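Chemist: Take this structure, written in structure tokens, and hold onto it; I'll ask about it next.
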Amino acid sequence: MYIVFIGPPGAGKGTQSRRLIQYLGIPHLSTGEMLRQTKHSSDGRSAASFMDRGRLVPDQMVLDIVRTRLADPDCGRGCLFDGFPRTTEQAKALDQELQDRGAKVDLALELRVDEQELLDRIAKRATVENRDDDEVATLQERLRVYASQTAPIVNYYRATGNLATVNGLGSPEEVFERIRAEVDARGRRAG
Ligand code: AMP
Numbered sequence: 008m009y010i011v012f013i014g015p016p017g018a019g020k021g022t023q024s025r026r027l028i029q030y031l032g033i034p035h036l037s038t039g040e041m042l043r044q045t046k047h048s049s050d051g052r053s054a055a056s057f058m059d060r061g062r063l064v065p066d067q068m069v070l071d072i073v074r075t076r077l078a079d080p081d082c083g084r085g086c087l088f089d090g091f092p093r094t095t096e097q098a099k100a101l102d103q104e105l106q107d108r109g110a111k112v113d114l115a116l117e118l119r120v121d122e123q124e125l126l127d128r129i130a131k132r133a134t135v136e137n138r139d140d141d142e143v144a145t146l147q148e149r150l151r152v153y154a155s156q157t158a159p160i161v162n163y164y165r166a167t168g169n170l171a172t173v174n175g176l177g178s179p180e181e182v183f184e185r186i187r188a189e190v191d192a193r194g195r196r197a198g
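Each residue of the sequence shown is one higher than the last, beginning at 8 in our numbering.
This is the structure in structure tokens:
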């Protein structure tokens, strides 16, 4: 099963991703992680200049990394895309890439958390973890970028009929139960 996991920064996507890959036994493709791993190369330094400001790394760089990883044999039967796609261009490129492999996005999971709730969480974390103003500003910028560039892909997947929206409020266990219900429903339908 190929799953796309969509959600704003701070919604708890990291925690839920870990549970989901364990539940399904599929690899975790986090483009944020993969980009951080390239930080010692010149591409990686260029990526870091975007990441440090809360901006998106250019599509081409992200797509190159994803294509290379998708060619690995462990991705042959599915994977969880975490933090990817983040633009409609990336979503279209992913569709093409999977189609070339005789596959498709089976489920796009949107983890929905109210924006004000996220801003409150950021403010709270900033106090508890004693983060500096730069970090807080970057988090706020990431939220703005999510709303303008990434949220539109929800409509893209709604149009394909493969979108499931899950309420991200509640304990990690409660949220995971909602996710599991959606995955089970689609998994059964997919065969
Ligand atoms: P994440 O770990 O998913 O929160 O990603 C951290 C940062 O990496 C983001 O704020 C972006 O700067 C960059 N990044 C991760 N995934 C993508 C992507 N699919 N497209 C563009 N930039 C990305």
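The beta carbon of each residue, even a glycine, is placed where N, CA and C say it ideally should be. Bear in mind the structure is a predicted one, so any value in this text is a computation, not a measurement.
Tell me which residue opens and which closes the alpha helix (DSSP H) that Ala115 is part of.
Modeler: Looking at the DSSP string, Ala115 is not in any alpha helix (DSSP H); the run it does join, the beta strand (DSSP E), is Leu114 to Arg119.
Chemist: List the endpoints of the continuous alpha helix (DSSP H) containing Asp107.
Modeler: Thr95 to Asp107 is the span of the alpha helix (DSSP H), which, as asked, contains Asp107.
Chemist: Could you check the C-alpha separation between Arg149 and Thr134 for me, to the nearest Å?
Modeler: The alpha-carbon atoms of Arg149 and Thr134 are separated by roughly 19 angstroms.
Chemist: Mark Leu146 as exposed unless 16 or more other C-beta atoms lie within 10 angstroms of its C-beta, in which case mark it buried.
Modeler: Leu146 is buried by the Cβ-count criterion.
Chemist: Within 10 angstroms of its Cβ, does Asp89 collect 16 or more other Cβ (buried), or is it exposed?
Modeler: Its Cβ being crowded by 16 or more others within 10 Å, Asp89 is buried.
Chemist: According to the neighbour-count rule (16 or more other Cβ atoms, all chains shown, within 10 Å of its Cβ), is Arg74 buried or exposed?
Modeler: Arg74 is exposed by the Cβ-count criterion.
Chemist: Quick check: the Cα distance between Gly194 and Asn137, rounded to an integer number of angstroms?
Modeler: The straight-line gap from Cα to Cα measures roughly 43 angstroms.
Chemist: What is the DSSP secondary structure of Thr45, counted as helix, strand or coil?
Modeler: The answer is coil: DSSP assigns Thr45 none of H, G, I, E or B.
Chemist: Near Cys86, what residues of its chain come up, given a Cβ to Cβ distance below 8 angstroms and the 5 sequence neighbours on each side ignored?
Modeler: Here the set comprises Tyr9, Ile10, Ile33, Pro34, His35, Leu36 and Leu77.
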